[in-house]
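The sequence shown begins at 3 in this note's numbering and counts up one residue at a time.
Ideal Cβ positions, reconstructed from N, Cα and C, are used throughout, including at glycine.
Quick caveat, the model's predicted, so the values are computed rather than measured.
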Amino acid sequence: MIILGVDPGLYSLGWAVVEQRKGRVLYIESGTLQLVKGAIQDKLATIYDTLDEIVGRHSPAFLAVETQFFSKNAHSTIALTMSRGAVLLLAGKRGLHVSEYAPSSAKKRVTGHGHATKATVMKMIPRLIDVPKFLECDDEADALLLALARAFETKEPLCTTT
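Structure (C-alpha coordinates):
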(Lines of atoms letter the chains of each structure in order from A; the text may use other names.)
(Lines give C-alpha, C1' and ligand atoms only; values in the text may rest on other atoms or scores of the structure.)
Protein backbone atom coordinates (compact mmCIF):
# COMPACT_ATOMS: atom_id res chain seq x y z
CA MET A 3 0.00 0.00 0.00
CA ILE A 4 1.40 3.39 -1.00
CA ILE A 5 0.72 6.41 1.20
CA LEU A 6 1.14 10.12 0.48
CA GLY A 7 1.64 12.25 3.59
CA VAL A 8 1.02 16.00 3.29
CA ASP A 9 1.74 18.79 5.76
CA PRO A 10 -0.35 21.58 4.21
CA GLY A 11 0.58 25.24 4.07
CA LEU A 12 0.37 28.25 1.77
CA TYR A 13 4.02 29.23 2.15
CA SER A 14 5.68 25.83 2.50
CA LEU A 15 4.04 22.44 1.99
CA GLY A 16 5.74 19.18 2.93
CA TRP A 17 5.00 15.88 1.21
CA ALA A 18 6.27 12.32 1.58
CA VAL A 19 5.56 9.00 -0.10
CA VAL A 20 6.05 5.67 1.69
CA GLU A 21 5.06 2.12 0.89
CA GLN A 22 3.90 -0.46 3.40
CA ARG A 23 4.85 -3.88 2.07
CA LYS A 24 4.99 -7.22 3.89
CA GLY A 25 5.01 -5.63 7.33
CA ARG A 26 7.76 -3.14 6.44
CA VAL A 27 7.53 0.53 5.61
CA LEU A 28 9.77 1.76 2.79
CA TYR A 29 10.67 5.35 2.06
CA ILE A 30 9.95 6.30 -1.57
CA GLU A 31 10.36 10.07 -1.92
CA SER A 32 9.73 13.34 -0.09
CA GLY A 33 10.13 17.05 -0.56
CA THR A 34 9.01 20.55 0.22
CA LEU A 35 7.03 22.81 -2.07
CA GLN A 36 8.07 26.42 -1.46
CA LEU A 37 5.30 28.69 -2.66
CA VAL A 38 6.21 32.14 -3.94
CA LYS A 39 4.29 35.29 -3.11
CA GLY A 40 1.30 35.75 -5.31
CA ALA A 41 -2.42 35.35 -5.63
CA ILE A 42 -4.04 32.71 -3.42
CA GLN A 43 -5.65 30.99 -6.40
CA ASP A 44 -2.23 30.62 -8.04
CA LYS A 45 -0.77 29.07 -4.89
CA LEU A 46 -3.70 26.65 -4.59
CA ALA A 47 -3.34 25.69 -8.27
CA THR A 48 0.38 25.05 -7.71
CA ILE A 49 -0.38 22.86 -4.68
CA TYR A 50 -2.97 20.89 -6.61
CA ASP A 51 -0.83 20.49 -9.74
CA THR A 52 2.31 19.49 -7.83
CA LEU A 53 0.54 16.90 -5.71
CA ASP A 54 -1.38 15.64 -8.75
CA GLU A 55 1.95 15.01 -10.49
CA ILE A 56 3.27 13.16 -7.41
CA VAL A 57 0.09 11.05 -7.24
CA GLY A 58 0.43 10.29 -10.95
CA ARG A 59 4.02 9.18 -10.45
CA HIS A 60 3.45 6.95 -7.38
CA SER A 61 -0.27 5.98 -7.43
CA PRO A 62 -0.90 6.08 -3.67
CA ALA A 63 -4.12 4.63 -2.33
CA PHE A 64 -4.03 6.69 0.87
CA LEU A 65 -3.52 10.32 1.83
CA ALA A 66 -2.47 11.23 5.37
CA VAL A 67 -2.96 14.90 6.20
CA GLU A 68 -2.76 17.04 9.31
CA THR A 69 -6.13 17.87 10.84
CA GLN A 70 -7.44 21.38 10.93
CA PHE A 71 -6.32 23.37 13.93
CA PHE A 72 -7.54 26.70 15.17
CA SER A 73 -5.00 29.32 16.11
CA LYS A 74 -5.32 32.70 17.75
CA ASN A 75 -3.90 33.96 14.47
CA ALA A 76 -6.93 33.85 12.16
CA HIS A 77 -4.75 34.44 9.09
CA SER A 78 -2.77 31.24 9.80
CA THR A 79 -5.95 29.23 10.31
CA ILE A 80 -7.47 30.51 7.07
CA ALA A 81 -4.26 29.86 5.10
CA LEU A 82 -4.03 26.28 6.39
CA THR A 83 -7.72 25.71 5.64
CA MET A 84 -7.29 26.84 2.03
CA SER A 85 -4.23 24.64 1.53
CA ARG A 86 -6.05 21.65 3.04
CA GLY A 87 -8.93 22.35 0.67
CA ALA A 88 -6.65 21.96 -2.36
CA VAL A 89 -5.16 18.77 -0.90
CA LEU A 90 -8.56 17.26 -0.09
CA LEU A 91 -9.91 18.22 -3.52
CA LEU A 92 -7.06 16.26 -5.07
CA ALA A 93 -7.86 13.29 -2.82
CA GLY A 94 -11.49 13.38 -3.90
CA LYS A 95 -10.71 13.69 -7.60
CA ARG A 96 -8.07 10.93 -7.45
CA GLY A 97 -10.10 8.59 -5.22
CA LEU A 98 -7.60 8.52 -2.35
CA HIS A 99 -8.66 7.29 1.08
CA VAL A 100 -8.06 10.14 3.53
CA SER A 101 -6.74 9.77 7.08
CA GLU A 102 -6.44 12.90 9.18
CA TYR A 103 -4.16 13.20 12.20
CA ALA A 104 -3.62 15.82 14.84
CA PRO A 105 0.12 16.40 15.33
CA SER A 106 -0.01 14.82 18.81
CA SER A 107 -1.77 11.66 17.58
CA ALA A 108 0.69 11.24 14.68
CA LYS A 109 3.60 11.63 17.11
CA LYS A 110 2.06 9.13 19.53
CA ARG A 111 1.41 6.58 16.79
CA VAL A 112 4.97 6.80 15.47
CA THR A 113 7.10 7.57 18.53
CA GLY A 114 4.87 6.36 21.36
CA HIS A 115 4.72 9.85 22.89
CA GLY A 116 2.18 12.46 21.76
CA HIS A 117 4.23 15.39 22.99
CA ALA A 118 7.53 14.34 21.41
CA THR A 119 9.64 17.31 20.36
CA LYS A 120 10.51 18.03 16.74
CA ALA A 121 14.09 16.96 17.53
CA THR A 122 12.89 13.64 18.95
CA VAL A 123 10.72 12.99 15.89
CA MET A 124 13.67 13.80 13.59
CA LYS A 125 15.85 11.30 15.51
CA MET A 126 13.17 8.60 15.47
CA ILE A 127 12.31 8.63 11.77
CA PRO A 128 15.67 7.19 10.59
CA ARG A 129 15.39 4.50 13.27
CA LEU A 130 12.06 3.39 11.85
CA ILE A 131 12.72 3.55 8.12
CA ASP A 132 15.71 4.00 5.86
CA VAL A 133 15.60 7.61 4.68
CA PRO A 134 18.42 8.09 2.15
CA LYS A 135 18.55 11.86 2.53
CA PHE A 136 18.58 14.52 5.18
CA LEU A 137 15.11 15.94 5.73
CA GLU A 138 15.77 19.57 4.94
CA CYS A 139 12.60 21.12 6.30
CA ASP A 140 10.23 20.65 9.23
CA ASP A 141 7.32 20.49 6.77
CA GLU A 142 8.92 17.56 4.93
CA ALA A 143 9.57 15.75 8.23
CA ASP A 144 5.98 16.41 9.34
CA ALA A 145 4.65 14.98 6.07
CA LEU A 146 6.78 11.86 6.56
CA LEU A 147 5.51 11.59 10.14
CA LEU A 148 1.92 11.72 8.83
CA ALA A 149 2.61 9.05 6.20
CA LEU A 150 4.20 6.83 8.85
CA ALA A 151 1.24 7.38 11.18
CA ARG A 152 -1.04 6.02 8.46
CA ALA A 153 1.31 3.12 7.75
CA PHE A 154 1.43 2.20 11.44
CA GLU A 155 -2.29 2.75 12.02
CA THR A 156 -3.01 -0.89 12.69
CA LYS A 157 0.17 -1.48 14.67
CA GLU A 158 1.49 -0.54 18.07
CA PRO A 159 4.20 2.14 18.00
CA LEU A 160 7.45 0.61 16.75
CA CYS A 161 9.52 2.55 19.29
CA THR A 162 8.90 4.48 22.42
CA THR A 163 10.68 7.62 23.50
CA THR A 164 12.25 7.93 26.89
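Item, Value
"Taking only the alpha-carbon atoms, compute the straight-line gap between K109 and K45 and give it to the nearest angstrom.", "28 angstroms"
"With DSSP run on the structure shown, which of helix, strand or coil describes E55?", "helix"
"How would you label R86, buried or exposed, when you count the other beta carbons within 10 angstroms and need 16 or more for buried?", "buried"
"Between which residues of its own chain and A143 is the CB-CB distance below 8 angstroms, once the five residues before and five after are set aside?", "G16, K120, V123, M124, I127, L137"
"Assuming G116 contacts S106 under a Cβ cut-off of 8 angstroms, what Cβ separation, rounded to an integer in Å, is found between them?", "4 angstroms"
"Output yes or no for whether 8 angstroms exceeds the beta carbon distance between V67 and V100.", "yes"
"I'd like to confirm the pairing. Which residues does DSSP put opposite F154 in its beta bridges?", "Paired residues: none, contrary to the question."
"From L92 to L6, what does the alpha carbon distance come to, in whole angstroms?", "12 angstroms"
"So is V57 buried or exposed if we call it buried at 16+ other beta carbons inside 10 Å?", "buried"
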